[in-house]
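So the protein lines, in turn, are chains Z and A.
Heads up: the first sequence begins at 60 in our numbering, then just goes up one per residue.
Heads up: the second sequence begins at 27 in our numbering, then just goes up one per residue.
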Amino acid sequence: MEQEFLHFVAEIMGKESDEISMETTYGEEPAWDSVVMLTLVMELEEKYGIAIRVESLDKIRQLKDLYRIVSDSMD
Amino acid sequence: MGKKRIALLSNITADYVAARLKSKYDIYMPAGYDTWIREAVSEDSIIGQGRFDAVVVLLDGTEARLWKDRAEAESHLQMWEQAILSLAERIRTEPIFIPTLDIRENRIRALSERFYKIELENAWYQFAQDLSEQKGNVYVYDLCSRIADIGRDRFYSDKMWYLGGLPYSKEGICLVANEIDGILRSAFEAGKKAITVDLDNTLWGGVASEDGLEGIVLSSHKGGERFYDFQRQLLEMKRRGILLTINSKNNEEDVKEILEKHPCMLLKPEDFALEKINWRDKAENMMETVKELNLTDGSFIFIDDNPLERERVRSGCPEILVPDFPQDTTELLRFAEALFFTYIRPLRLSEEDLHKTEMYRAEERRKKDYKINGLDLHDYLMGLEMEADIHRMRPDELRRVAQLCGKTNQFNLTTKRYTDAQLEELAGRDDSVIYTVSLKDRYGSYGLVSVVILKRKEKDILIDTFLMSCRVMGRGLEDTVINQIAVSNRDKAERLVGEFIPTAKNIPVKDLYKRLGFTYVESKGDSEFYELQLSKIGTVPKPVYKEIRFAG
Numbered sequence: 060m061e062q063e064f065l066h067f068v069a070e071i072m073g074k075e076s077d078e079i080s081m082e083t084t085y086g087e088e089p090a091w092d093s094v095v096m097l098t099l100v101m102e103l104e105e106k107y108g109i110a111i112r113v114e115s116l117d118k119i120r121q122l123k124d125l126y127r128i129v130s131d132s133m134d
Numbered sequence: 027m028g029k030k031r032i033a034l035l036s037n038i039t040a041d042y043v044a045a046r047l048k049s050k051y052d053i054y055m056p057a058g059y060d061t062w063i064r065e066a067v068s069e070d071s072i073i074g075q076g077r078f079d080a081v082v083v084l085l086d087g088t089e090a091r092l093w094k095d096r097a098e099a100e101s102h103l104q105m106w107e108q109a110i111l112s113l114a115e116r117i118r119t120e121p122i123f124i125p126t127l128d129i130r131e132n133r134i135r136a137l138s139e140r141f142y143k144i145e146l147e148n149a150w151y152q153f154a155q156d157l158s159e160q161k162g163n164v165y166v167y168d169l170c171s172r173i174a175d176i177g178r179d180r181f182y183s184d185k186m187w188y189l190g191g192l193p194y195s196k197e198g199i200c201l202v203a204n205e206i207d208g209i210l211r212s213a214f215e216a217g218k219k220a221i222t223v224d225l226d227n228t229l230w231g232g233v234a235s236e237d238g239l240e241g242i243v244l245s246s247h248k249g250g251e252r253f254y255d256f257q258r259q260l261l262e263m264k265r266r267g268i269l270l271t272i273n274s275k276n277n278e279e280d281v282k283e284i285l286e287k288h289p290c291m292l293l294k295p296e297d298f299a300l301e302k303i304n305w306r307d308k309a310e311n312m313m314e315t316v317k318e319l320n321l322t323d324g325s326f327i328f329i330d331d332n333p334l335e336r337e338r339v340r341s342g343c344p345e346i347l348v349p350d351f352p353q354d355t356t357e358l359l360r361f362a363e364a365l366f367f368t369y370i371r372p373l374r375l376s377e378e379d380l381h382k383t384e385m386y387r388a389e390e391r392r393k394k395d396y397k398i399n400g401l402d403l404h405d406y407l408m409g410l411e412m413e414a415d416i417h418r419m420r421p422d423e424l425r426r427v428a429q430l431c432g433k434t435n436q437f438n439l440t441t442k443r444y445t446d447a448q449l450e451e452l453a454g455r456d457d458s459v460i461y462t463v464s465l466k467d468r469y470g471s472y473g474l475v476s477v478v479i480l481k482r483k484e485k486d487i488l489i490d491t492f493l494m495s496c497r498v499m500g501r502g503l504e505d506t507v508i509n510q511i512a513v514s515n516r517d518k519a520e521r522l523v524g525e526f527i528p529t530a531k532n533i534p535v536k537d538l539y540k541r542l543g544f545t546y547v548e549s550k551g552d553s554e555f556y557e558l559q560l561s562k563i564g565t566v567p568k569p570v571y572k573e574i575r576f577a578g
């Protein structure tokens, strides 16, 4: 699931899977800007059939935070 | 050819829409949120410098939630109208696309309270459509109806609005991108020109030879209405310049009875440019059809319910578009609509488009009579009783002239693609003149078939543009036109200079000027120049025309 998530996110960012990791940080990675953030939300909601709460987005610093939101929503 | 450069002006964050179009188009958007009005009105904006092939305006009505009353709503819309007027004032040639609006007025109202949504949307549509009718390059696209097609609940996403200033859901983004791609295809891609249809189980349900006139499924109500509606869609396309032809394995008598006598046959025999009703291979029939109508494989769509026949035509004529036929025939109406939107829809109709089928049918009769009578070419041409009318372009001919400039490839000496606005400019100048040539004969009118643009260069007159519709090639019209122009300018200039710019497609006219008595002078860049000394021009030789009217 983690690998699949990273692979999916990399594709949206226009990067190779091995160029990003769970430690990739919002604001530091140039491919991860606000437009990409919104695209990620849309695509992840559709892919995993979940609804991501707006409040939870403020807490995202790294990809692992986004991953946690996704996996928590699926439980 | 490089990607088309498109300016996208929007009151929302349209990056997501642009992202879906950028593989096909080079999209420019002014930086920053809601800068579109400044871009539209400002003299020194990038758009004003006119380096775009089209301008797409994408306006969203979500911000109407903030407008507190009708007065405020109207002032917003007025501002938008002003911006678009100013845009249309500066961009006179390249197409500008304006959307219809879906005004998302606040709905916290009592039933008795007045809603302004519909009134505002109507007023906006009238503004946009009026502008489109005044300006040759402004078009309205009906985004509002597309939104209604999938429904607001699916089209919009409040989450996206609050997070990113984008009111659309992912599905909404796709829909808007598709709609924009559709209008740009109308602008830049050559649409299909002809649709060839099978008959049994395609234009009606059942088989003519088995079920007969009484037995086939075709009616103006209930079950048979799906075929009736499909026919109406085809008829509407025919009225917009699409040629319809038949390619059917049948006995001609069985079919003719239905075509002529069935009360619910909307398509009449005269609606078809030609018919191939026989037992031959359908791919061969297609090749003949293409040839006889003087078109190319790539301009045809072939519709047949039988997968084997579709496969046969696909492999025999790979350039012909053969869409899958709907499994469920209640989808026929939408099937036709989708074909139209995807492959056919033109930006605008010309006078010629409205009579295209009649023109092609007249041509068939000409050919038939020619064969039957076994005349030689000269006698045949004489027998046509042709009348040519050569005159300065009238304002109502501008669109047709622009259309011919845009699409004529074979008989086109310089292939200069002048637009409406450029032609208007040329027609208004003292040192240039645009002639149009209309042709008719005893079988019918060809309409406006040739354009000549002359430019004065000191003591010479340069033939800047000379083009002719391929439908009238071989009638000596080019000789007649050039002769008339030469004679009428005998006292006004020393030389008539013909320019030829070779392309992959205009090989048929490579030696035209030599044939017309011009002498080769020189080549400059891609152009070859030929001259005709006007003092040496004699009287007009007796042409094969019954009448030639020339109004210089």
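Note that CB positions come from ideal geometry on N, CA and C, so glycine has one too.
Handout entry: Which residues DSSP lists as bridging SER549 of chain A, in chain order
Key = A:GLU554
Practice task
Say whether chain A places a C-beta atom closer than 8 Å to the C-beta of VAL94 of chain Z.
Solution key: yes
Exercise for the section: Please go through the same chain and pick out, in chain order, the residues whose beta-carbon is closer than 8 Å to the beta-carbon of ARG180 of chain A, but skip the five residues on each side of it. Expected result: SER195, GLU197, GLY198
Handout entry: Cross-strand partners of GLY190 of chain A (DSSP beta bridge)
Key = Per DSSP, none; premise fails for GLY190 of chain A.
Handout entry: Contacts that TYR188 of chain A makes with chain Z (C-beta to C-beta distance below 9 Å)
Key = VAL113
Practice task
Could you please give the first and the last residue of the uninterrupted alpha helix (DSSP H) stretch that includes LYS106 of chain Z?
Solution key: 93-107
Problem - Contact belief for VAL339 of chain A with LYS382 of chain A at Cβ below 8 Å, rounded distance in angstroms - result: 23 Å between Cβ atoms; not a contact.
Handout entry: Rounded distance between the beta-carbons of LEU189 of chain A and LEU97 of chain Z, thought under 8 Å
Key = 5 Å
Exercise for the section: Using three-state DSSP, classify HIS66 of chain Z as helix, strand or coil. Expected result: helix
Exercise for the section: Answer with yes or no whether the minimum CB distance from ASP60 of chain A to chain Z is below 8 Å. Expected result: no
Exercise for the section: Measure the C-alpha to C-alpha separation of ASN332 of chain A and PRO295 of chain A and round it to an integer number of angstroms. Expected result: 23 Å
Practice task
Below 7 Å CB to CB, which residues in the same chain sit around TYR51 of chain A once its five sequence neighbours on both sides are set aside?
Solution key: LYS29, LYS30, ILE32, LEU210
Problem - Listed by chain order, chain Z residues near TYR42 of chain A by CB distance under 8 Å - result: VAL94, LEU97, THR98
Handout entry: Cβ neighbours of GLY342 of chain A in the same chain (closer than 6 Å, five flanking residues each side left out)
Key = ALA309
Exercise for the section: Could you please give me the residues that DSSP links to ALA80 of chain A through a beta bridge? Expected result: A:ILE32
Handout entry: Range of the contiguous alpha helix (DSSP H) that encloses PRO333 of chain A
Key = 333-342
Practice task
Could you tell me the distance, in whole angstroms, from the CA atom of LYS248 of chain A to the CA atom of TYR254 of chain A?
Solution key: 10 Å
Problem - Distance between ILE574 of chain A and ASP297 of chain A (C-alpha atoms, nearest Å) - result: 32 Å
Practice task
Could you tell me which chain Z residues have their CB closer than 8 Å to the CB of LYS50 of chain A, listed as they occur along the chain?
Solution key: Result: empty, since nearest Cβ-Cβ is about 17 Å, beyond 8 Å.
Practice task
Identify the contact partners of GLU105 of chain Z in chain A, using a Cβ-Cβ distance below 7 Å as the criterion.
Solution key: LYS196
Practice task
Could you check the C-alpha separation between SER458 of chain A and MET419 of chain A for me, to the nearest Å?
Solution key: 12 Å
Exercise for the section: Kindly indicate the opening and closing residues of the beta strand (DSSP E) around ALA57 of chain A. Expected result: Unbroken run through ALA57 of chain A: none, as it is neither H nor E.
Practice task
Please decide whether LYS317 of chain A counts as near chain Z, where near means a Cβ-Cβ distance under 8 Å.
Solution key: no
Exercise for the section: Taking LEU380 of chain A as the reference, give the member of A:GLU262, A:ILE489, A:THR491 with the closest Cα. Expected result: A:GLU262
Problem - When A:PRO121, A:ARG91, A:PHE576 are compared against SER514 of chain A, the one with the closest alpha-carbon - result: A:PHE576
Practice task
In the DSSP assignment, find the unbroken beta strand (DSSP E) run with ALA577 of chain A in it and report its ends.
Solution key: 573-577
Exercise for the section: Find the residues of chain A that neighbour MET60 of chain Z, judging by a C-beta separation of less than 9 Å, and give them in chain order. Expected result: None at all; the shortest Cβ gap to chain A is about 22 Å.
Exercise for the section: Go through the segment 285-322 of chain A residue by residue and report every complete run of the alpha helix (DSSP H) that reaches 4 residues or more, in order. Expected result: 308-318
Practice task
Could you check the C-alpha separation between PHE64 of chain Z and PRO125 of chain A for me, to the nearest Å?
Solution key: 38 Å
Exercise for the section: Could you tell me whether the Cβ atoms of LEU25 of chain A and ARG501 of chain A are closer together than 8 Å? Expected result: Residue coverage of chain A in this structure runs from 27 to 578, which leaves residue 25 of chain A outside it and unanswerable.
Practice task
Would you mind telling me which residues of chain Z sit closer than 7 Å to ILE185 of chain A, beta carbon to beta carbon, in chain order?
Solution key: Here residue 185 of chain A is Lys; the residue named in the question, Ile, does not match the sequence. Ordered by position in chain Z, the residues that pass the 7 Å Cβ test against LYS185 of chain A are VAL113.
Problem - ASP175 of chain A, enclosing alpha helix (DSSP H) - first and last residue - result: 169-176
Problem - chain B contact residues for MET101 of chain Z, given Cβ-Cβ distances below 9 Å - result: Among the protein chains in the structure shown, which are Z and A, there is no chain B.
Practice task
Count the other CB atoms, across all protein chains shown, that sit within 10 Å of the CB of LYS466 of chain A; report buried if there are 16 or more and exposed otherwise.
Solution key: buried
Problem - Distance between LEU260 of chain A and GLY250 of chain A (C-alpha atoms, nearest Å) - result: 16 Å
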